[in-house]
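Comments concern the structure below.
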Amino acid sequence: MKFKTIGKVKKREYYIIIMLNGKKIRVRLGQNIRGLRLQKNLTQEQLADAINVQPQSIGQIEIGRTFISSEKLADLCNFFQLDPVAFFNNHINTLSEQDVNYIQEIKRLLPLLSTHKLKEIYEILLVVKNNN
Numbered sequence: 145m146k147f148k149t150i151g152k153v154k155k156r157e158y159y160i161i162i163m164l165n166g167k168k169i170r171v172r173l174g175q176n177i178r179g180l181r182l183q184k185n186l187t188q189e190q191l192a193d194a195i196n197v198q199p200q201s202i203g204q205i206e207i208g209r210t211f212i213s214s215e216k217l218a219d220l221c222n223f224f225q226l227d228p229v230a231f232f233n234n235h236i237n238t239l240s241e242q243d244v245n246y247i248q249e250i251k252r253l254l255p256l257l258s259t260h261k262l263k264e265i266y267e268i269l270l271v272v273k274n275n276n
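For the sequence shown, this note's numbering gives the first residue as 145, with consecutive numbering after it.
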């Protein structure tokens with residue numbers, strides 16, 4: 145079961161229960177693993193090597209077709225330096241492939257900008273962040 149905060153009253157949180165079935169859990173885990181892999185700019189082969197599985201196993205896990213053993217989950221936790229619970233969260237802090245591409249391009253462009261332009265971009269980012 146997954147609990148979602150729906151409100152707080154005098155330091156007490158109230159939750160609604162979100163029921164999940166096995167397939168939804170596998171899919172969520174796979175999406176989170178894929179997002180973390182992309183965020184670190186890793187191929188399926190590189191992640192497979194890191195946790196000692198076949199590359200096609202990573203693909204099957206990422207699409208939610210297969211589940212992983214507790215030992216491989218522990219390997220992933222150590223590799224990504226995350227608590228096991230994080231892999232099952234609805235909103236693990238992952239980036240899409242497009243987001244990763246944007247970040248890489250921004251990193252490539254930043255050294256080409258003047259200090260003045262960097263400051264302008266920083267101020268724009270703060271405004272955008274505060275409006276979310």
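Beta carbons are placed, not taken as given, at the ideal position from N, Cα and C, and that holds for glycine.
Since the structure is predicted, the reported quantities are computational estimates derived from the model, not experimental observations.
Backbone secondary structure at residue i - three-state DSSP
| i | result |
| --- | --- |
| ASP219 | helix |
| SER214 | helix |
| LYS154 | Below a pLDDT of 50, predicted positions are generally treated as unreliable, and LYS154, at 49, falls in that range; no measurement from the model is reported. |
| ILE177 | helix |
| VAL171 | helix |
| GLN198 | coil |
| LEU193 | Looking at the sequence itself, residue 193 is Asp, so the reference to Leu does not match. Three-state DSSP puts ASP193 in a helix. |
| GLY203 | helix |
Rounded Cβ spacing between residue i and residue j (contact assumed at less than 8 Å)
| i | j | result |
| --- | --- | --- |
| ASP219 | ILE202 | In fact, because the Cβ distance is near 12 Å, the residues do not count as touching under 8 Å. |
| LEU217 | PRO228 | 6 Å |
| GLU206 | GLY174 | 4 Å |
Of the listed residues the options, nearest to residue i (C-alpha basis)
| i | options | result |
| --- | --- | --- |
| GLY179 | LEU262, LYS251, HIS260 and PHE232 | PHE232 |
| THR210 | LYS168, ASN222 and LYS273 | LYS168 |
| MET243 | GLN183, GLN175 and ASN274 | The sequence given here has Asp at residue 243, not Met. The shortest Cα separation from ASP243 among GLN183, GLN175 and ASN274 belongs to GLN183. |
| ASN176 | ASP193, CYS221 and GLN190 | CYS221 |
| SER213 | VAL197, THR259 and LEU262 | VAL197 |
Secondary structure, beta strand (DSSP E): runs of 3+ residues fully inside the region 240 to 271:
Entirely contained in the region 240 to 271, not one beta strand (DSSP E) run reaches 3 residues.
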